[in-house]
Amino acid sequence: MLSTLVFSGKPVCSRIQNPRKDQSPYHSITKIQSCQQQNPNTEYSVSKFWTGPRPKPHLINPLITTTEQNPVDEAAKNGAFEGTNGSLRKGFQQMLVLCGFGYWVNGFRCFPWLGLNFHMASNLCMQPSNLQMVQNFGSLPMVAKPLYGVLSDALYIGRARRIPYVSIGVFLQVLSWGSLALIPVASEALSILLACVLLSNLGASIAEVAKDALVAEYGQKNKMPGLQSYAFMALAAGGILGNLLGGYFLLQTQQPKSMFLSFSVLLAFQLTITLGMKEDSLGLPQTSSHSLVRKSISESIRKQYFDLLVAAREESISRPLIWIVASTATVPILSGSIFCYQTQCLNLDPSVIGMSKVIGQLMLLVMTVSYDRLWKHVPMRKLVGIVQILYASSVLLDLILVTQVNLWWGIPNEAFVFCFSGVAETLAQFKLLPFHVLFASLAPPGCEGSLMSFLASALCLSSIASGFFGVGFASVIGITSNDYTSLPTGIVMQFLAALLPLLWINRVPATHPSAEKERKKGRSRRTRRTRRVGRVGFGSIYSYRREREPDFLR
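In terms of this note's numbering, the sequence shown opens at residue 205 and continues consecutively.
If you want it as structure tokens, here you go:
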């Protein structure tokens, strides 16, 4: 039989013969498959041209590939794999030292700040409103975090854009806390003290922005989502030790300057570690010298700023950002009034207040580990809603202390403050963790520092607004260092304000995007496993056999 097969106007095979009696039907099939190998885009059915008896579904001389037929240099392959694995392990260890210790030091900042609050309240005899004003005004450098993030993403220092900024931030902190410890007038004059506080928070902001961007970029490159939970663990561990040692130092020495000096020595050690590390050893993508020379500084900053605006306008980013900022700014913070009430009215030792912070940081550490192991699979909106309700309820614990209801229950003030004073602050900190993980997973490549710093800046600005809101509210209802009769009213209003964000919680995504992506990826893999059966070979031709075989093989 002579025939010509034409598909899309192109001849595929010029001659197809029926097999002879002494020939296997697969002889013709192999010819057709050879024609298909010459024209791989052609689709046709073998059964259309086969008119003989149906063959039995068995293979004639199947090809089985072995390592002898396809030799591979196993030694070179294993050596390359071990070299890559070793470099990844070394980069992870350096990342653990750089960022893990850095976040731990950042959590340990409560150690000198506890001494500074005690110094301003006891030695300088500040009013509660003035004390809280200094705390909030000193946090203003943190509002400019998007600027630090844009600079970190756009401007390279020595072909690196993360570690140099960490070093700069640590150096500024050493300068500020060292001045408070060694220069007497710096801790006595309010203006110089405020300048040192601003310089310290400026350095902490720059270092924190660079570390957040480094963690987000490293997690995306190595497909390790949720690294922010480990950063929170390091923060909590540093806060535990900082509050514990801070209370002990104040109880034994009553000298806050010794705490400032000790923290300066710790920062100097961190600066030494940071200066000894190279960013290219972390395995992150590096820019070429040509690209560094080609773009001007203004052009790089302008492009990075435009990328940040585009990312921030995405609905998946803007909606949860608006909720977390509004949920923080709408609650008036009365921390300064509560602190002065505990130290001046109840005459509690600083060690008790410090130990209450330790309990709070322990709770934060346990909750962070629980989130990393269990709660990150809980729908995000449900988890955030539960945490917000618990936070609003924990505010009422201060009301129990102020009204002295705990004494009616037989609980001393020291024991109550020790166990429950830091619960509200702990829940407020933990509420931020799911949003940090969310934004780190949604950050576009090359915009990690800008977006994470924008989140931190928005949160800091909302905290400052909440603090000033609390100062104004305390002044309106008449809370002073000599009169705390209106403090229960302020706590009740704070509780009601903490429930308001539940009205617009629909802006929080119902599920985490990374969890949804993993679920779809797993389902896709299961679908592929059920769809593809295996690979068989005829001579030198390979083809996949699927669950449904062709008609002529049935």
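Heads up, the beta-carbon is just placed ideally off N, CA and C, and yes, glycines get one too.
Taken through DSSP and simplified to helix, strand or coil, Tyr-352 comes out as helix. DSSP places Thr-534 in no alpha helix (DSSP H); its state is neither H nor E.
Using a Cβ-Cβ distance cut-off of 8 Å, the region 398 to 415 and the region 373 to 390 are in contact, since at least three pairs of beta carbons, one from each stretch, lie closer than that value. Just measuring C-alpha positions, the residue of Met-567, Ile-477, Lys-349 sitting nearest Ser-371 is Ile-477. Looking at the backbone, the Cα of Asn-426 and that of Val-419 are separated by about 11 Å. The beta carbon of Gly-450 sits closer than 7 Å to the beta carbons of Cys-314, Phe-315, Leu-318, Gly-319, Met-463, Gly-558 from its chain, once the five residues preceding and following it are set aside; these are given in chain order. Asn-447 places its beta carbon less than 8 Å from that of Gln-565.
Its Cα nearest to that of Val-621, the residue Ile-542 stands out among Ser-670, Ile-542, Ile-367, Leu-355. Residue Phe-699 holds the alpha-carbon nearest to the alpha-carbon of Ile-593 among Ala-393, Phe-699, Ala-435, Leu-479.
Rounded to the nearest angstrom, the gap between the Cα atoms of Tyr-360 and Ser-625 is 44 Å. In this structure the region 381 to 401 does not lie against the region 349 to 366, because fewer than three pairs of beta carbons, one per stretch, are closer than 8 Å.
For Ala-408, the secondary structure class from DSSP, reduced to helix, strand or coil, is helix. Out of Ala-701, Leu-403, Phe-658, Glu-652, the CA that lies nearest to the CA of Gly-674 is found in Ala-701. Ranked by how close their Cα comes to the Cα of Leu-402, the residues Leu-454, Leu-471, Val-347 have Val-347 in first place. Collapsing the DSSP output to three states places Met-428 in coil. Where Lys-461 is concerned, the enclosing alpha helix (DSSP H) starts and stops at 460 to 479.
Gln-432 is positioned such that its CB atom lies closer than 8 Å to that of Leu-637. The beta carbon of Ser-598 lies closer than 7 Å to those of Val-627, Ala-628, Leu-631 in the same chain, with the five residues before and after it left out. Looking at the backbone, the Cα of Arg-366 and that of Tyr-575 are separated by about 28 Å. Linking Glu-503 to Leu-642 through their CA atoms gives a straight-line distance of about 29 Å. Nearest C-alpha to Met-571 among Lys-461, Val-301, Met-437: Met-437. In the DSSP assignment, Asp-602 falls within the alpha helix (DSSP H) that extends over 584 to 606. Val-535 and Leu-603 have their C-alpha atoms roughly 16 Å apart. No residue range can be given for Cys-549, since it is assigned to no alpha helix (DSSP H) and is classified by DSSP as neither H nor E.
Annotation: the continuous alpha helix (DSSP H) that includes Leu-655 extends over 652 to 681. Relative to the Cα of Gly-540, the nearest Cα in the group Phe-312, Val-309, Leu-302, Met-330 belongs to Met-330. Nearest to Gln-336 by C-alpha distance, out of Cys-303, Phe-672, Leu-691, Pro-713, is Phe-672. In the DSSP assignment, Leu-637 falls within the unbroken alpha helix (DSSP H) covering 637 to 646. Counting only the Cα atoms, Leu-302 lies some 12 Å from Phe-473. One thing to note: Ser-654 has its Cβ within 8 Å of the Cβ of Gly-353. Taking a 10 Å sphere around the C-beta of Pro-345, we find 16 or more other C-beta atoms and assign the residue as buried. With a 10 Å radius around the Cβ and a threshold of 16 neighbouring Cβ atoms, Arg-517 comes out exposed.
Shown here, Trp-579 sits in a helix according to DSSP, grouped into three states. Between Gln-508 and the set Gln-456, Val-573, Thr-607, Cys-651, the nearest pair of CA atoms involves Cys-651. Ala-662 is the residue among Ala-662, Gly-694, Ser-670 whose C-alpha sits nearest the C-alpha of Pro-350.
Cβ-Cβ distances below 8 Å link Ala-440 to Gly-311, Gln-565, Leu-566, Leu-568, Leu-569, Thr-572 in the same chain, with the five nearest sequence neighbours on each side left out; the list follows chain order.
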